[in-house]
């Protein structure tokens, strides 16, 4: 997210080199707040909310939100994240078609299933990581990284939005944490048990929390996919006005 005139909005920042970041700033922690110079990304789809970052301009300004096991940290994150929530995919789909808004956060009304299906081929970024390479999406930096295991499956959430126009969605998810969970479970338990473990976490455990989907469009086809999950604990003793 980026702050503009005291309001936050979602943008897409093209990846930086993990080697460069670690060398100059230490370990990259989720929910780190930074200040940096950015510029519109020159990409095939010309998405208006895509930017690249000038790596040497990065300045870490806050790491108090990085403790994911701390309830006060979740409260602070929620104050930044939840006001940016979109009502539904249907509500923002025209903006996607016009490439004005191609990244957003939504809360599903219901999560109906989690599917694990065979995958014929991997994405370009996954193939690079399998071969031990990392390239930014603008192709201006490449570094050696630890090779990762190919996952021959596609993961999809089946869900409905809180919108009368919604007829349901079956959407691919490319969340890095889910992919790493599958690799870990497969290594220790085998493929079949890895499937069961990932499905249990993505349905049972996640729906016990205040689950939100961070969605973005594919760089080639402009179709929505789930790129990450946001799952703060559910709050107790909530006011009825918070549900609307």
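Residue numbers (the working numbering): 81 to 324.
Idealized CB from N, CA, C, for every residue including glycine.
Taking the Cβ atom as the reference point for each residue, do residue i and residue j lie within a distance shorter than 7 Å?
i, j, result
"residue 140", "residue 96", "no"
"residue 131", "residue 169", "no"
"residue 160", "residue 153", "no"
"residue 128", "residue 83", "no"
"residue 193", "residue 238", "yes"
"residue 183", "residue 256", "no"
"residue 261", "residue 231", "no"
"residue 119", "residue 138", "no"
"residue 112", "residue 143", "yes"
"residue 229", "residue 176", "no"
"residue 34", "residue 164", "No information on residue 34 is available, as it lies outside the stretch 81 to 324 that the chain covers here."
"residue 288", "residue 274", "no"
"residue 125", "residue 303", "no"
Identify whether residue i lies in helix, strand or coil by the three-state DSSP scheme.
i, result
"residue 311", "coil"
"residue 188", "strand"
"residue 256", "helix"
"residue 200", "coil"
"residue 330", "No answer is possible for residue 330: it lies beyond the span of the chain, which begins at 81 and ends at 324."
"residue 274", "helix"
"residue 135", "helix"
"residue 195", "strand"
"residue 104", "helix"
"residue 169", "helix"
"residue 142", "strand"
"residue 95", "coil"
"residue 161", "helix"
"residue 115", "strand"
"residue 316", "coil"
"residue 250", "strand"
"residue 217", "Because residue 217 sits at a pLDDT of 41, beneath the cut-off of 50, its placement in the model cannot be relied upon, and the following sentence gives the value as read from the coordinates. DSSP places residue 217 in coil when its eight states are reduced to three."
"residue 236", "strand"
"residue 209", "Annotation note: pLDDT 49 at residue 209 (below 50); position unreliable, coordinate value reported separately. The answer is helix: DSSP assigns residue 209 an H, G or I state."
"residue 322", "At residue 322, the pLDDT of 49 sits below 50, so the modelled position is not reliable; the number obtained from the coordinates is stated separately. DSSP places residue 322 in helix when its eight states are reduced to three."
For residue i, which residues in the same chain have their Cβ closer than 7 Å to its Cβ, ignoring the five residues on either side in sequence?
i, result
"residue 316", "none"
"residue 220", "Caution applies to residue 220, whose pLDDT of 48 falls short of 50 and renders its modelled position unreliable; the value that the coordinates give is listed next. Within the same chain, residue 220 has no close Cβ partners at all."
"residue 336", "The chain is shown only over 81 to 324; residue 336 falls outside these bounds and no answer can be derived."
"residue 205", "Legend: pLDDT at residue 205 = 49, less than 50; position of this residue unreliable, no value from coordinates given."
"residue 296", "92, 182, 183, 305, 307"
In its own chain, which residues sit with a C-beta less than 6 Å from the C-beta of residue i, not counting the 5 before and 5 after it?
i, result
"residue 101", "108"
"residue 292", "185, 187, 310"
"residue 114", "138, 140"
"residue 250", "236, 238"
Identify every residue that forms a DSSP beta bridge with residue i.
i, result
"residue 154", "Its beta-bridge partners do not exist; DSSP assigns none."
"residue 266", "The partner list for residue 266 (beta bridge, DSSP) is empty, contrary to what the question assumes."
"residue 331", "As shown, the chain starts at 81 and ends at 324. That puts residue 331 outside it, with no answer to give."
"residue 183", "296"
"residue 241", "188"
"residue 306", "253, 295"
Residue i CB to nearest chain C CB: under 7 Å?
i, result
"residue 248", "Within the model displayed, chain C is absent; a lone protein chain is all it includes."
Got a sec? Which residues, its chain only, sit under 8 Å from residue i by beta carbon, not counting five neighbours each side?
i, result
"residue 290", "187, 311, 312, 313, 314, 315"
"residue 252", "234, 235, 236, 305, 306"
"residue 190", "239, 240"
"residue 167", "186, 241, 242, 243"
"residue 283", "191, 193, 194"
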